[in-house]
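Okay, structure first, notes after.
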Amino acid sequence: MIGETIQLSLAPAFLLVATSGILNVVTGRLARVVDRARKLIEQHGDTRGIEHARVVAELRLLDRRMVIINWSVGLAVACGITVCLMVAMLFFVGAGHIDLGMPVSALFIIAMTLLLGSLLLFLIEVRLAIRTIHVPMELLEK
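Per the numbering used here: the sequence shown = residues 2 to 143.
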């Protein structure tokens, strides 16, 4: 019976691994955004005019990106916690012959929804970052 329970928990375990990989990527992006924001904060007091406006605009954008990434991280962590609860419930089902089919199904749906939300926020953040980078045409010509 324990062998069957372990087999049942393999799919959620793979979901947990995938979620941790996503967390790794997203937190890496967060670190880069925070580093850039710190650099601009140091420059903030030394800039004037158009350069100051550019620094302020970029800081606003970086702040928005940090908020989006933070939400993405939160949803991914909540997904991971939900998957862990699902695996624990699967072991209760295997050990005690308890029918927890509906709660396990509900946790799976919740985990998938949280993961979907995290990935959508990740996509929004990436699109926001790409939209702000404009390579001048003269740099693209030979």
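For glycine and all other residues, C-beta sits at the position ideal for the given N, C-alpha and C.
| request: Measure the beta-carbon distance from Cys80 to Ala107 and round it to whole angstroms, keeping in mind my assumption that it falls under 8 Å. | output: Their Cβ separation, rounded to whole angstroms, is 14 Å, which puts Cys80 and Ala107 out of contact at 8 Å.
Self-check item: Inter-residue CB distance, Ala38 and Leu63 (contact presumed, cutoff 8 Å)
Solution: 4 Å
Same chain, Cβ closer than 7 Å to Pro137, neighbours up to 5 away in sequence not counted: none
| message | Could you check whether Phe93 and Leu101 sit closer than 8 Å to each other, using their CB atoms as the reference points? | response | yes
Quiz item: So, is Arg132 buried or exposed, given that buried needs 16 or more other C-beta atoms within 10 angstroms?
Solution: Exposed.
**Item:** Among Val74, Gly95, Val34, Ile125, nearest to Ile7 - alpha-carbon criterion
**Value:** Gly95
Review point. What is the rounded straight-line gap between the Cα of Ile82 and the Cα of Leu122?
Key: 19 Å
For Val35 and Leu9, what's the separation of their Cα atoms in angstroms? 40 Å
Exercise. Relative to the alpha-carbon of Arg30, which residue among Val84, Arg55, Arg66, Thr20 has its alpha-carbon at the smallest distance?
Worked result: Arg66
* Could you pull out every residue in the same chain whose Cβ sits closer than 7 Å to the Cβ of Pro13, ignoring the five residues on either side in sequence? => Val84, Met87, Val88
* First and last residue of the alpha helix (DSSP H) that includes Ile110? -> 102 to 132
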